[in-house]
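Peer 1: Dumping the structure here so I can ask a few things about it.
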Amino acid sequence: MEALSFNRVEIDLSALQANFIGLQEAVGQKVEVMAVVKSDAYGHGLLECARAIYRAGGRTFGVAEVWEGVLLRRAGLDSEIVILLGGSPETYGAIIDHKLTPVVYDVDFITGLSNEAARQGKEVKVHLKVDVGMGRLGVLPPDVESYVSLIKRLPGISLAGLLSHFPVADETGAVEKTREQLSYFKNILAALQTEVAGSVIAHIANSAALIYFPEARLEMIRPGISLYGYLPDASPARAKTAVPTLQLQPVMRFVTRVVQIKELEAGCGISYGHTFVTRRKSRIAVLPVGYADGYIRKLSNRAEVLIGGRRAPVCGRVCMNATMVDITDLPRVHTGDEVVLMGRQGEAEISADEIALWMETISYEVLCLFGSCNDRVYIKK
Ligand SMILES: *Cc1c(COP(=O)(O)O)cnc(C)c1O
Numbered sequence: 014m015e016a017l018s019f020n021r022v023e024i025d026l027s028a029l030q031a032n033f034i035g036l037q038e039a040v041g042q043k044v045e046v047m048a049v050v051k052s053d054a055y056g057h058g059l060l061e062c063a064r065a066i067y068r069a070g071g072r073t074f075g076v077a078e079v080w081e082g083v084l085l086r087r088a089g090l091d092s093e094i095v096i097l098l099g100g101s102p103e104t105y106g107a108i109i110d111h112k113l114t115p116v117v118y119d120v121d122f123i124t125g126l127s128n129e130a131a132r133q134g135k136e137v138k139v140h141l142k143v144d145v146g147m148g149r150l151g152v153l154p155p156d157v158e159s160y161v162s163l164i165k166r167l168p169g170i171s172l173a174g175l176l177s178h179f180p181v182a183d184e185t186g187a188v189e190k191t192r193e194q195l196s197y198f199k200n201i202l203a204a205l206q207t208e209v210a211g212s213v214i215a216h217i218a219n220s221a222a223l224i225y226f227p228e229a230r231l232e233m234i235r236p237g238i239s240l241y242g243y244l245p246d247a248s249p250a251r252a253k254t255a256v257p258t259l260q261l262q263p264v265m266r267f268v269t270r271v272v273q274i275k276e277l278e279a280g281c282g283i284s285y286g287h288t289f290v291t292r293r294k295s296r297i298a299v300l301p302v303g304y305a306d307g308y309i310r311k312l313s314n315r316a317e318v319l320i321g322g323r324r325a326p327v328c329g330r331v332c333m334n335a336t337m338v339d340i341t342d343l344p345r346v347h348t349g350d351e352v353v354l355m356g357r358q359g360e361a362e363i364s365a366d367e368i369a370l371w372m373e374t375i376s377y378e379v380l381c382l383f384g385s386c387n388d389r390v391y392i393k394k
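Residues 14 to 394 in this note's numbering are what the sequence shown lists, from first letter to last.
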């Protein structure tokens, strides 16, 4: 039924593949690329995106939870799958059965998983997470050595990776902090050298770090947002200076259509609360999209849309399933015309970064929101 909706999110898998290949080329073939496809591939669709990236050469995937890894295995993906959030005791069986690689940071989880794997005569790979300043998941640096020796001692599990994560790699004002955290991580790796040499892959770079701190790429990078065509700091000029060859293309487009056009005199209130009143004789187009579709109320009297390659401002409040735009200055708009809420139309473009400014958030949240609220259509150009 959803395919009959007025609204749809279009996913350009060729753009996704081009972004993956571009990132791989930017870091060189010696650096493994873990494609981060958590949260339904940032709203773009887990299975479709993972398959497209696999066809483009991707062999390592990162998801948040165990169940996402299980979905990838059931779809036939035979790659390395790293579970970035790790798991709970209820997921030991699934981790072992599906050969998933959890990130670990907790003694009880590690010993429990070891017991279960050893009982079954199986071996599970794990990546140990270190917190070098994110203040989120991970063991603190003084505890790393004891965790490493615990994992090495226990049966049924083997240490295949050591990772960390940066909190401020996208901020121009915090370059020193990121450098410090990287050297902290490198010192930990150096101290463990004899124990982990050769068998353990080290990784710390998200999109921001792989672009702005080439020395942080190490043996593997973990791009998320850049795969989907956006920069973590919404700053194309800075990225162009950092990695001149890297060209990213947005993968998602969000479109609706005009369902009604009305001519109104000056002084007419539009939508709930009449927060917009026409100041002139106006033409208003009604769009069948609203906050139930992720086009949130914050966009009221703020956002713009594209019709016929031209911008039209949202007027009045965004409703649950309707939004009005002022098309007085646009020539020839007809009911049924395509309206682009996000993406390119002709020469014009509204990016997730621009919508993020209107919504007072970041592109990541815009993509997750639009992607999860709407029917997705996959296109290959
Ligand atoms: C989400 C995530 C990433 C990807 O971050 P981007 O900023 O989207 O590139 C990398 N590593 C970890 C641990 C993550 O949770």
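The beta carbon of each residue, even a glycine, is placed where N, CA and C say it ideally should be.
Distance check for residue 261 and residue 172, CA to CA, integer angstroms please.
Peer 2: By one-based count along the sequence shown, residue 172 stands at place 159. By one-based count along the sequence shown, residue 261 stands at place 248. Answer to the nearest angstrom: the Cα atoms are 34 Å apart.
Peer 1: How about residue 376 and residue 238: are their beta carbons less than 8 Å apart?
Peer 2: Looking up residue 376 in the sequence shown gives position 363. Looking up residue 238 in the sequence shown gives position 225. It is a contact, given that the beta carbons lie within the stated cut-off.
Peer 1: Can you look up residue 188 in the DSSP assignment and give me helix, strand or coil?
Peer 2: Indexing the sequence shown from 1 puts residue 188 at position 175. Helix, per DSSP.
Peer 1: Is it buried or exposed for residue 344, if we count other Cβ within 10 angstroms and need 16 for buried?
Peer 2: Position 331 of the sequence shown, counted from the start, is the residue given in the question as residue 344. Label assigned to residue 344: exposed.
Peer 1: Count the C-beta pairs between the segment 157-165 and the segment 187-207 that are closer than 8 Å, then say yes if the count reaches three, no if not.
Peer 2: The answer is yes - the segment 187-207 touches the segment 157-165, with three or more Cβ pairs under 8 Å.
Peer 1: Got a sec: does ligand 1 put a non-hydrogen atom nearer than 7 Å to the Cβ of residue 51?
Peer 2: Numbered from its first residue, the sequence shown carries residue 51 at position 38. Yes - ligand 1 has a heavy atom lying nearer than 7 Å to the Cβ of residue 51.
Peer 1: Identify the residues that DSSP records as bridge partners of residue 140: which are they?
Peer 2: For the purposes of this step, residue 140 is taken as the residue at position 127 of the sequence shown. Answer is 116, 174.
Peer 1: Given this structure, state the Cα-to-Cα distance separating residue 228 from residue 69, to the nearest angstrom.
Peer 2: Translated into positions along the sequence shown, residue 228 becomes position 215. Translated into positions along the sequence shown, residue 69 becomes position 56. Cα to Cα, residue 228 sits roughly 25 Å from residue 69.
Peer 1: Does at least one heavy atom of ligand 3 sit under 7 Å from the Cβ of residue 175?
Peer 2: Absence of ligand 3 is noted for the structure shown, with ligand 1 being the only ligands found.
Peer 1: Is any heavy atom in ligand 1 found nearer than 7 Å to the beta carbon of residue 235?
Peer 2: Counting from one through the sequence shown, the residue named residue 235 turns up at place 222. True, at least one ligand heavy atom lies under 7 Å from that Cβ.
Peer 1: In angstroms, rounded to a whole number, what distance separates the CA positions of residue 55 and residue 391?
Peer 2: Along the sequence shown, read from residue 1 onward, the residue named residue 55 stands at position 42. Along the sequence shown, read from residue 1 onward, the residue named residue 391 stands at position 378. Cα to Cα, the separation comes out at about 15 Å.
Peer 1: Let me check one thing: in DSSP terms, what residues is residue 109 bridge-paired to?
Peer 2: Reading the sequence shown from its first residue, position 96 is the one you call residue 109. DSSP output for residue 109 lists no bridge partner at all.
Peer 1: Exposed or buried, which one is residue 153 when buried takes at least 16 other CB atoms within 10 Å?
Peer 2: Here residue 153 refers to the residue found at position 140 when the sequence shown is read from its first residue. Under this definition residue 153 is an exposed residue.
Peer 1: From what residue to what residue does the alpha helix (DSSP H) around residue 372 run?
Peer 2: Mapped onto the sequence shown, residue 372 falls at position 359. Run containing residue 372: 365-372, per the alpha helix (DSSP H) assignment.
Peer 1: Can you find the residues in the same chain that come closer than 7 Å, C-beta to C-beta, to residue 235, ignoring five residues on each side of it along the sequence?
Peer 2: Residue 235 sits at position 222 when you count from the first residue of the sequence shown. Only 47, 49, 75, 216, 218, 219 meet the Cβ criterion.
Peer 1: Could you tell me if the beta carbon of residue 115 falls within a distance shorter than 7 Å of some heavy atom in ligand 1?
Peer 2: Translated into the one-based positions of the sequence shown, residue 115 becomes position 102. No - ligand 1 has no heavy atom lying nearer than 7 Å to the Cβ of residue 115.
Peer 1: Could you check whether the Cβ of residue 245 sits closer than 7 Å to any heavy atom belonging to ligand 1?
Peer 2: Here residue 245 corresponds to residue number 232 of the sequence shown, with the count starting at 1. Within the cutoff, so yes.
Peer 1: In the DSSP output, what is residue 207 paired with across the bridge?
Peer 2: Along the sequence shown, read from residue 1 onward, the residue named residue 207 stands at position 194. Its beta-bridge partners do not exist; DSSP assigns none.
Peer 1: Is residue 275 helix, strand or coil by DSSP?
Peer 2: In the sequence shown, counting from the first residue as 1, residue 275 sits at position 262. Strand at residue 275.
Peer 1: What I want to know is whether the C-beta of residue 6 ends up closer than 7 Å to one or more non-hydrogen atoms of ligand 1.
Peer 2: The question about residue 6 has no answer here: the residues shown for the chain are numbered 14 through 394.
Peer 1: Could you tell me which residues DSSP pairs with residue 392 in its beta bridges?
Peer 2: Residue 392 sits at position 379 when you count from the first residue of the sequence shown. Answer is 25.
Peer 1: Just curious, the alpha helix (DSSP H) that residue 254 is in, first and last residue?
Peer 2: Position 241 of the sequence shown, counted from the first residue, corresponds to residue 254. Its alpha helix (DSSP H) spans residues 249-255.
Peer 1: Since residue 265 sits in a beta bridge, which residues does DSSP pair it with?
Peer 2: For the purposes of this step, residue 265 is identified with residue 252 of the sequence shown, where counting begins at 1. Looking at the DSSP assignment, residue 265 forms a beta bridge with 24.
Peer 1: Any chance the CB of residue 88 is under 7 Å from a heavy atom of ligand 1?
Peer 2: Against the sequence shown, residue 88 aligns to sequence position 75. No - ligand 1 has no heavy atom lying nearer than 7 Å to the Cβ of residue 88.
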